[in-house]
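Peer 1:
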Amino acid sequence: MVLKFTDMNCQEHLYRGVDRKLITRRWFFEQCGVGLGAIALSQLFGGKACGVSPASLSNPLAPKQPPFPAKAKRVIFLFMAGAPSHLELFDYKPELTKWNGKAPPAELVKGYRAAFINPSATLLGPKFKFKKHGQSGAEISELLPHLAEVADDITIVKSMHTDAFNHAPGQIFMNTGTQQFGRPSMGAWVTYGLGSESTDLPAYVVFSSGAKGTSGGASNWGSGFLPSLHQGVLFRSSGDPVLYLSNPKGIDQQMQRDSLDSIKRLNQKHLALVGDPEIATRISSFEMAYRMQTSAPELMDIAKEPKSILEMYGAEAGKTSFANNCLLARRLVERGVRFVQLFHEAWDQHGNLVADLKKNCRDTDQACAALIKDLKQRDMLKDTLVIWGGEFGRTPMVQGGDDGRDHHPNCFTMWLAGGGTKPGVTIGESDEFGFNATTDKVHVHDLHATLLHLLGFDHTKLTYRFQGRDFRLTDVAGELVPKLMA
Amino acid sequence: MSSTISFILLFPRLHAADAVKLPPPAPRQVDFLKDIQPVFLNNCYECHGPEKQKGGLRLDKKEAALKGGDSGPLIVAGKSAESLLVQAVIGSKEDLARMPKKRDPLSVDQIALLRAWIDQGANWPESGLTKDRDWQKHWAFKAPVRPALPTLKKRSPSSNPIDRFILARLEKENLPISPEADRTTLLRRLSLDLIGLPPTVAEVDAYLSDKSHDAYQKQVKRLLASPHYGERWGRQWLDAARYADSDGFEKDKMRYVWFYRDWVINALNRDMPYDQFIIEQIAGDELPNPTQDQIVATGFLRNSMLNEEGGIDPEQFRMDTMFDRMDCIGKSVLGLTIQCAQCHDHKYDPLKQAEYYRMFAFINNDHEAQRVVYTPEEQMNVANLSRQIHEAEMGLRNANPQWEDRMGKWEDEVKNNQPPWIVLRPTVEEISTGGERYLPQPDDSFLAQGYAPTKHTVKLFVTNDLHHITAFRLELLTDPNLPCNGPGRSFKGTCALTEFAVEAMDAKNPTNKVTVKFDKATSDIELPEAPLEPNFLDKSDKKRITGPVQFAIDGTNETAWGIDSGPGRRNQERKAVFQCATNVGFPNGTILLFQLTENHGGWNSDDLMNNNLGRFRISATTNDGPVVADPVPLRARNIFAIPRERRTPAQMAAIFSYWRTTMPEFKEANERIESLWKQWPKGATTLTLMARDEPRETHVLKRGDWLKPTLPVTTGVPAYLHPLPEADKPGKSASSRLIFAKWLVDRKSPTTARVIVNRLWQNYFGYGIVNTPEDFGMQSEAPSHPELLDWLACELMDPATNSQIGPAQPWSLKHIHQLIVTSAAYRQSSKVSPALYAKDPYNRLLARGPRLRAEAETVRDIALSASGLLNSKIGGPSIFSPAPEFIFQPPASYAPFPWKEETGSERYRRALYTFRRRSTPYPALQVFDAPNGDFSCVRRMRSNTPLQALVLLNESVFVECAQALALKTLQEGGSTDRERIAYAFRRALSRLPSSDEKAELLSLLRKEKRRGAEGWVNANEISTGKNEPAKNLPKGAMPTQLAAYTVVSRVILNLDETITKE
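Line order of the protein sequences matches chains E and G.
Residues in the first sequence are numbered consecutively from 543, following the working numbering.
Residues in the second sequence are numbered consecutively from 3, following the working numbering.
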């Protein structure tokens, strides 16, 4: 009988292509090692049970080596939901100033579909000043003075483009590689491929800040058809960081430990009786939950950070902010969490472009730059990939009076840092209006392909069989972007 | 065949540029299955595959391919440059067109791979797709035939035919079947499987004391007859039907489709034959004289997600929902991955892209309707009221025998009393819509779709040469795509018009403009002033009201013209006429700018509690003298156009219903009828399909892109599946959904019956007989017991086996359930030895019974049931179970969502009824792998994670269950701790604890009692969550005792066995 490894219990994907007998043996070593005595084990396996360390195997998210040498070991994705204006932040277009108030050339907007505006809406010049920064001379807006300080540590990609121009489909596309809901997010793919180095925190942690929530909702960090333990876990920056982390009212630490000990012993008795290794996994799950009850609040307690660090980020203990989340992201990756994603929904400037961008940059610029500096000073930037960007860009054409821009998929800017990216370069160009990406175009699929490459994967090979075919993050597309990589 | 005919047609190469330069071989080891076959598949099989073999070449079979075609051998192993294959793809061979002929040339990389493969020896493994590509031999594409029961070496211990198949396979593997599970375990397993709830202690006792030979069969019968059966198995179907209570995407607003959910539950409880079950869901509305239920059933296809974020093109997302519907039909009914053919011919199955769109054409002709529906009680009420109204009107007719003449005279008088109205065709100023889409309709009206802002002023402008305009008319029109048929977009299909304003500009000199002043406004519905309903509260202090149409020209934002005339009559056309104070228009032509202010929506622009116009049309008249809104309803006026002798009685009645209201002498009857209308029940709404009069044209879409239609297609079905039923071959109703529905459940369908019995099986044993339940195609997993699958499929369609619950009807699902649960295979103990586990870790051979963690809903229902909190009411609107507030607020949710946590016993309804919001799935269910309805799901994951532990330990309902179980235990569980522990244990696990287990729990109990007594913890907090003592604490019981029992109960409810079907 041929068994497929497609739809099994959650751990089974780990053993793709491994001899079945070995798997079974492992199951018993790793799982039953938790509950059964050595005698029972040796009975099961003819005395060959010695020398196996259950701890390393009992975690279904145990870290795995990628197939190729990896530059990045973990990822922090700063997702600027709502789609920031590339024209005000990174992609300076003096020509657009000259065209301010004029209709765009007809051939440029021929066949163009916009969300709200008429394609014949007039052009709008950039609202902020730009300067060149660092050795690299990266052109960055006056709105981002802190980022400008680390210009030589980041890679700016001015030639991003995408397929979607409505928020929910656009966000889902950026996060899962398709506009359809129900596919695994990149964080899920990465933990599926690499497991996690943390045994008491989830492998994939998500924070959300800003004025609204994301348009794509929980599907932005979902596991799709991958086993659900690859789902991103939404942390809250105040209260219980993880849902249901705290004991019920009145239950103290001792009582919780007593209860868990009883549960464990009763489960062990039953395991001995019925032999289902799933019970052993249940026992480990409860133990990890218990560890999480301690480690998650410890993680969240940023008051223990030195004042200088808090100041660098602009973080304040006890508050909820993007800055706090950036600091928490660093604390998470330090603790072995594989993928951290911060959603900051604030960037949908159909109107109020000038004031809102000022506010958003005040809220985020310092912390983004601090994250890079902090990772660097801890020597973690080299293998931590930081990505900043939204789901698409904004139109060079005006929306409303003269203070707004519409959704725009043809061209936008993202930046990356660390994890094997090439620091201090700017990749790609757009046309004189910032309307179309023109040189070194990078599609969302290309970004995904490159991300997986940096983590040690061939993006065409990290697949999962579902509905009769092998799915991957990059669907049927994706080209590496060599210029991005060091 | 002549050697001059190459395997490619004889086309002289026209341009040397067609040839690609010969690239070097790829510098790596090449794998045929991974690297080469996909190249063949995507580029060659169309002409050299199973269907066509141009030039005598067939590339999908090893032997044939290596032999080559009419042009000779294709491959010279080790010598790629000399191989015809390589020469053909670069186009370097004389007399051969560059291959593939009809497609783009292969990429340099692909040619490099082909070269490397040939140079490395052209290794073509026997395994892989190749052998199976002959789809005509694929088992699942042939209709099932009832197989003979296998003969066994040993005598079967069971008369159940299922066991013959299982035992035959076990004999082959030299494995014995396990002994039957003990009775308590078995009853708990059966009860969890059939109704999703554990048995009560009384039920266990009754079963244990029933010594009759058919005691077990009696339990099967009891449980299959339970109304909870429909809940348990309905949930399975709702997964496949991607049921959810919200739209998904950014707005993710609440939707009302729970009538459909209840329809599923009821249909299963009645054991509706499966073929009928499908027909009603796909096309219930097209059955003759469909009942409300049959229409409600079409909510099945409507369960797709819906995007209404600002700035979307509604057609784009309508097409997305269409693709989703196809995917759902493919997975849930056909068990085929038809969605692959949305963009291209299916890569593995013989499904052509055009065939996909031919099926698509069957379901592409509907309105996205939302209808008013009534509970059975309300339906009785509606019938009664309709009858009384009808009787009252008949009474009037009888009392006035000349009514027809008098009505005729009246009709003649009013028939032509309307001034000529000139319908204007304005243009919408896009920027003013707030993201709403105003779609121009053929009758020059606008249909509002997409995002619905709660407050906005839409501007429309038009230029014309009218210069004596005396009045404007605004018609509010109904449309099947509006809630409840419109004419508004509120959840009731109503709307409110805050202000109506017009500016007129000189077309030659637009700075010369006037704001039009209105003398008065009239409408065909003048409702009294009333406060705006609470749904539309905008959190302002302003007193917002609706009332007569005058409110639309009074210059204030707080008043609006309202049209909600109550249940039963609110969803009809309305009109308003605005009389100008002075004539409007400039001699050189006039630009008219209309501003329609719609500010009477709610506060939260993202939950779409809008009150917007749905479909409307603007006209003008130059008629002198006063003009008022026509009081005659549009539908009556439309009937005037029909010659009297040709009118139906219903049409006459429609006119009569209005005419009688104009007759002062009918006052008494009119008032009586009016009072009957006031009693009309509120009803609810649900999403349904409604066929359009004009079918849409369906096209094959290039790469599945809705903006790239290519060839138009008619309805049809894939050639590799069964044909349309003979009687339904293309003809007058060839494109109806009903035909498609009947085709889906035709007995000749090779997959339909197999797919559903497989899914039932999967739910019992954890794995289907085919473990790819969504895909029975070429890429599917081979069945573990192919004959059993076919036998069950045939038994479903044509039951031939005695049922213990009465004679089975064709397509009876309960019959199959009954056969499965009475089999010895099902009744085995689930204990597993290491040896057996090693041999069969997933229990595909069934040498033991199933042992599986219960599904998400059941996990919660077990706790509710054990604690005694369960409210077992069936059906009704979805409920807001306790959940952390923050997940429904930004930034966790895009916009605030009104999750009003239930307080009374509704809190403890079965988990099936928990409101399912797609973008913020209910955490305690999601964590146990409940799907969120984004797409059709026919197989749930079964994970085992730390987050599950946190939910079981700490989530509020689970905590309340532990507290309630503790209290109940003290109240009813006996007088000693041993008795009480046994009592609590048994409520959760059905069995008694072993002495070991009892000792463990006793020791915990004593320790926690002591800690409580010593003051280490606050006993009341533990027992009630508050710093106050529990109510109903039995006499003599101490709060510390209750607290200790709460701890013990929590442990019991957290055991692996508690949440497991053992």
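Glycine is no exception: its CB is placed at the ideal position from the N, C-alpha and C atoms.
Since the model is a prediction, treat every value here as computed from it, not as a measurement.
Any Cβ of chain E within less than 8 Å of the Cβ of residue 362(G)?
Peer 2: As a working note, residue 362(G) is residue 360 in the second sequence. No, because no Cβ of chain E sits closer than 8 Å to the Cβ of residue 362(G).
Peer 1: Could you tell me the boundaries of the alpha helix (DSSP H) in which residue 711(E) lies?
Peer 2: Residue mapping note: residue 711(E) aligns to position 169 of the first sequence, counting from 1. Here the alpha helix (DSSP H) through residue 711(E) covers 709 to 718.
Peer 1: Beta carbon of residue 635(G), beta carbon of residue 673(G): below 8 Å?
Peer 2: Translated into positions along the second sequence, residue 635(G) becomes position 633. Translated into positions along the second sequence, residue 673(G) becomes position 671. Not closer than 8 Å, so no.
Peer 1: Cα separation between residue 626(G) and residue 472(G)?
Peer 2: For the purposes of this step, residue 626(G) is taken as the residue at position 624 of the second sequence. For the purposes of this step, residue 472(G) is taken as the residue at position 470 of the second sequence. Cα to Cα, the separation comes out at about 7 Å.
Peer 1: If contact means a Cβ-Cβ distance below 9 Å, which residues of the stretch 721 to 740 of chain E contact chain G?
Peer 2: The residues in question are 721, 722, 723 and 724.
Peer 1: Cβ of residue 520(G) within 8 Å of Cβ of residue 611(G)?
Peer 2: Indexing the second sequence from 1 puts residue 520(G) at position 518. Indexing the second sequence from 1 puts residue 611(G) at position 609. For residue 520(G) and residue 611(G), no; Cβs fall outside 8 Å.
Peer 1: Quick check on residue 861(E) - is its C-beta less than 8 Å from some C-beta in chain G?
Peer 2: In the first sequence, counting from the first residue as 1, residue 861(E) sits at position 319. No - not a single Cβ of chain G is within 8 Å of the one on residue 861(E).
Peer 1: Just to confirm the assignment, what range does the alpha helix (DSSP H) spanning residue 1089(G) have?
Peer 2: For residue 1089(G) there is no data in the structure shown, the boundaries of chain G being 3 and 1064.
Peer 1: Nearest to residue 661(G) by alpha carbon, out of 389(G), 118(G) and 406(G)?
Peer 2: For the purposes of this step, residue 661(G) is taken as residue 659 along the second sequence, with counting starting at 1. The shortest C-alpha separation from residue 661(G) is found at 406(G).
Peer 1: Quick check: the Cα distance between residue 1121(G) and residue 954(G), rounded to an integer number of angstroms?
Peer 2: One cannot answer for residue 1121(G) here, as it falls past the ends of chain G, which runs 3 to 1064.
Peer 1: Taking all protein chains shown into account, do 16 or more other C-beta atoms lie within 10 angstroms of the C-beta of residue 648(E), making it buried, or fewer, making it exposed?
Peer 2: Working through the first sequence from its first residue, we reach residue 648(E) at position 106. Exposed is the call here.
Peer 1: Could you check whether the Cβ of residue 606(G) sits closer than 8 Å to any Cβ belonging to chain E?
Peer 2: Residue numbering aside, residue 606(G) sits at position 604 when the second sequence is read from its first letter. Judged by the 8 Å Cβ criterion, residue 606(G) is not in contact with chain E.
Peer 1: Is there a C-beta anywhere in chain E that falls below 8 Å from the one on residue 252(G)?
Peer 2: Mapped onto the second sequence, residue 252(G) falls at position 250. Residue 252(G) counts as touching chain E.
Peer 1: According to the Cβ coordinates, are residue 981(E) and residue 701(E) closer than 8 Å?
Peer 2: Residue 981(E) sits at position 439 when you count from the first residue of the first sequence. Residue 701(E) sits at position 159 when you count from the first residue of the first sequence. Contact: yes.
Peer 1: So for residue 131(G), helix, strand or coil by DSSP?
Peer 2: To locate residue 131(G), count along the second sequence from 1; it is residue 129. Only weak support exists for where residue 131(G) lies, its pLDDT of 48 falling under 50; the coordinates are left without a value.
Peer 1: Using only CA atoms, which one of 928(G), 702(G), 835(G) and 143(G) lies nearest to residue 713(G)?
Peer 2: Taking the first residue of the second sequence as 1, we reach residue 713(G) at position 711. Residue 713(G) has its Cα closest to that of 702(G), out of 928(G), 702(G), 835(G) and 143(G).
Peer 1: What did DSSP end up calling residue 546(G) once you bin it into helix, strand or coil?
Peer 2: Locating residue 546(G) in the second sequence gives position 544, counting from the first residue. Of the three classes helix, strand and coil, the one that applies to residue 546(G) here is coil, per DSSP.
Peer 1: Can you name, in chain order, every residue of its own chain whose Cβ lies under 6 Å from the Cβ of residue 814(E), other than the five neighbours on each side?
Peer 2: Here residue 814(E) refers to the residue found at position 272 when the first sequence is read from its first residue. Cβ within range, chain order: n/a, list empty.
Peer 1: Report yes if the C-beta of residue 240(G) is less than 7 Å from at least one heavy atom of the ligand ADP; otherwise report no.
Peer 2: Absence of the ligand ADP is noted for the structure shown, with no ligands found whatsoever.
Peer 1: Give the secondary structure of residue 914(E) by DSSP, where H, G and I count as helix, E and B as strand, and everything else as coil.
Peer 2: Mapped onto the first sequence, residue 914(E) falls at position 372. The answer is helix: DSSP assigns residue 914(E) an H, G or I state.
Peer 1: Roughly how many angstroms separate the alpha carbons of residue 72(G) and residue 60(G), rounded to a whole number?
Peer 2: If you number the second sequence from 1, residue 72(G) lands on position 70. If you number the second sequence from 1, residue 60(G) lands on position 58. C-alpha separation (whole angstroms): 11 Å.
Peer 1: Taking all protein chains shown into account, do 16 or more other C-beta atoms lie within 10 angstroms of the C-beta of residue 283(G), making it buried, or fewer, making it exposed?
Peer 2: Stepping through the second sequence from its first residue, residue 283(G) is reached at position 281. Classification for residue 283(G): buried.
Peer 1: For residue 973(E) and residue 681(E), I'd like the C-alpha separation in whole angstroms.
Peer 2: The residue given as residue 973(E) occupies position 431 in the first sequence. The residue given as residue 681(E) occupies position 139 in the first sequence. The straight-line gap from Cα to Cα measures roughly 16 Å.
Peer 1: Measure the Cβ-Cβ separation of residue 625(E) and residue 942(E) and say whether it is below 8 Å.
Peer 2: Numbered from 1 along the first sequence, position 83 holds the residue referred to as residue 625(E). Numbered from 1 along the first sequence, position 400 holds the residue referred to as residue 942(E). Not closer than 8 Å, so no.
Peer 1: Give the secondary structure of residue 747(E) by DSSP, where H, G and I count as helix, E and B as strand, and everything else as coil.
Peer 2: If you number the first sequence from 1, residue 747(E) lands on position 205. In this structure, residue 747(E) counts as strand in the three-state DSSP scheme.
Peer 1: Residue 370(G) bridges to which residues according to DSSP?
Peer 2: Here the question's residue 370(G) lines up with position 368 in the second sequence. Looking at the DSSP assignment, residue 370(G) forms a beta bridge with 691(G).
Peer 1: Report the rounded CA-to-CA distance for residue 996(G) versus residue 988(G), giving the unit in angstroms.
Peer 2: The count along the second sequence starts at 1 and reaches residue 996(G) at position 994. The count along the second sequence starts at 1 and reaches residue 988(G) at position 986. Spanning the two alpha carbons is a distance of roughly 11 Å.
Peer 1: Spatial neighbours of residue 845(G) within its chain, please: CB distance less than 6 Å, with the 5 preceding and 5 following residues excluded, ordered by chain position.
Peer 2: Working through the second sequence from its first residue, we reach residue 845(G) at position 843. Correct list: empty, nothing qualifies.
Peer 1: Rounded to whole angstroms, what's the CA-CA distance from residue 859(G) to residue 885(E)? Just pull it up for me.
Peer 2: Here residue 859(G) refers to the residue found at position 857 when the second sequence is read from its first residue. Here residue 885(E) refers to the residue found at position 343 when the first sequence is read from its first residue. The alpha-carbon atoms of residue 859(G) and residue 885(E) are separated by roughly 30 Å.
Peer 1: Decide if residue 644(G) is buried, meaning its Cβ has at least 16 other Cβ atoms within 10 Å, or exposed.
Peer 2: For the purposes of this step, residue 644(G) is taken as the residue at position 642 of the second sequence. So residue 644(G) ends up on the exposed side.
Peer 1: Alpha carbon to alpha carbon, how far is residue 248(G) from residue 629(E)? Give it in angstroms, no decimals.
Peer 2: Your numbering for residue 629(E) matches position 87 in the first sequence. Your numbering for residue 248(G) matches position 246 in the second sequence. One C-alpha to the other measures close to 36 Å.
Peer 1: Quick one: Cα of residue 1041(G) to Cα of residue 911(E), how far?
Peer 2: Position 1039 of the second sequence, counting from 1, holds the residue named residue 1041(G). Position 369 of the first sequence, counting from 1, holds the residue named residue 911(E). Going from the Cα of residue 1041(G) to the Cα of residue 911(E) covers about 55 Å.
Peer 1: Contact criterion: CB-CB distance below 8 Å. Does residue 1024(G) meet it with respect to chain E?
Peer 2: Translated into the one-based positions of the second sequence, residue 1024(G) becomes position 1022. So, interface residue.
Peer 1: Assign residue 589(E) to one of two classes, buried (16 or more other C-beta atoms within 10 Å of its C-beta) or exposed (fewer than that).
Peer 2: Counting from one through the first sequence, the residue named residue 589(E) turns up at place 47. Note that residue 589(E) has pLDDT 30, beneath the 50 cutoff, so the model's placement of it is unreliable and the number below is only indicative. Classification for residue 589(E): exposed.
Peer 1: Please report whether the beta-carbon of residue 971(E) lies at a distance below 8 Å from any beta-carbon of chain G.
Peer 2: The residue you call residue 971(E) lines up with position 429 of the first sequence. Output row for residue 971(E): interface = no.
Peer 1: Just to confirm, is the Cβ distance from residue 424(G) to residue 468(G) under 8 Å?
Peer 2: Position 422 of the second sequence, counting from 1, holds the residue named residue 424(G). Position 466 of the second sequence, counting from 1, holds the residue named residue 468(G). In contact: residue 424(G) and residue 468(G) (Cβ atoms closer than 8 Å).
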